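A short worksheet on the structure shown next.
In my numbering, the protein residues as written are 2 to 192.
Okay, here's the thing in structure tokens:
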């Protein structure tokens, strides 16, 4: 019990001292757990930020810009929350408009047949958890095989390495997951 309160006091002291980007610094959250070790991976090489955004999208819309390797959650009033993402490698990028049809915490993963044909070394199924390539959260896009999901490989954020899904750090995907619901429109721009 004393350790629990000590962790809380340490977290509060760091906040009051003006610690910059608590999750990137590995600061403790209010459960006494390090945010970076709890969610796996580390801080995004592209920090999340509120930015000016000039687009004709309704507040609450997610806009994925594959060329920029950024995901925008439109806030309204000319602003959006910008996240760094990993995108599909050459030959796997796509565009279109879908809706989030499902959301899962610590999702299980079953690689599609096409992926297993390219990579027969992949497991046929993985339970959810820190080692799972879908990370802490996943948002499923329409009837496609694609998702916006977490990753325990933060070094892939800003890179074109996936098979078409959009990767975020576990911290960022958890933040986005809490802000959007099933039915959210997702616009994927593939310039």
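Idealized CB from N, CA, C, for every residue including glycine.
As the structure is a prediction and not an experimental result, all values here were calculated from the model.
Got a sec? Which residues, its chain only, sit under 8 Å from residue 120 by beta carbon, not counting five neighbours each side?
-> Position 119 of the chain shown holds residue 120. Only residues of its own chain outside the window of five on either side were considered, and among them 112 have a CB closer than 8 Å to the CB of residue 120, listed in chain order.
Applying the criterion that 16 or more other CB atoms from any shown protein chain within 10 Å of the CB defines a buried residue, is residue 170 buried or exposed?
-> If you number the chain shown from 1, residue 170 lands on position 169. Residue 170 is buried by the Cβ-count criterion.
Residue 62 (DSSP reduced to helix, strand or coil) = The residue given as residue 62 occupies position 61 in the chain shown. Shown here, residue 62 sits in coil according to DSSP, grouped into three states, outside any helix or strand.
Backbone secondary structure at residue 191 - three-state DSSP = Working through the chain shown from its first residue, we reach residue 191 at position 190. In the three-state reduction of the DSSP assignment, residue 191 falls in the coil class, being assigned neither a helical nor a strand state.
Classification of residue 1 by the beta-carbon crowding that lies within 10 angstroms, buried from 16 upward = Missing from the structure shown is residue 1; the chain here goes from 2 to 192 and no further.
The stretch 137–144 touching the stretch 171–183, judged by at least three CB pairs closer than 8 Å | Contact between the stretch 137–144 and the stretch 171–183 is present, because at least three Cβ pairs lie under 8 Å.
Go ahead and pull the three-state DSSP assignment for residue 88.
-> As a working note, residue 88 is residue 87 in the chain shown. Per DSSP, reduced to three states, the secondary structure at residue 88 is strand.
May I ask you to list the residues that DSSP assigns as paired with residue 1?
-> Residue 1 lies beyond the range of the chain shown here (2 to 192); nothing can be said about it.
CA-CA distance, residue 179 and residue 188?
-> Reading the chain shown from its first residue, position 178 is the one you call residue 179. Reading the chain shown from its first residue, position 187 is the one you call residue 188. Roughly 19 Å between the two C-alpha positions.
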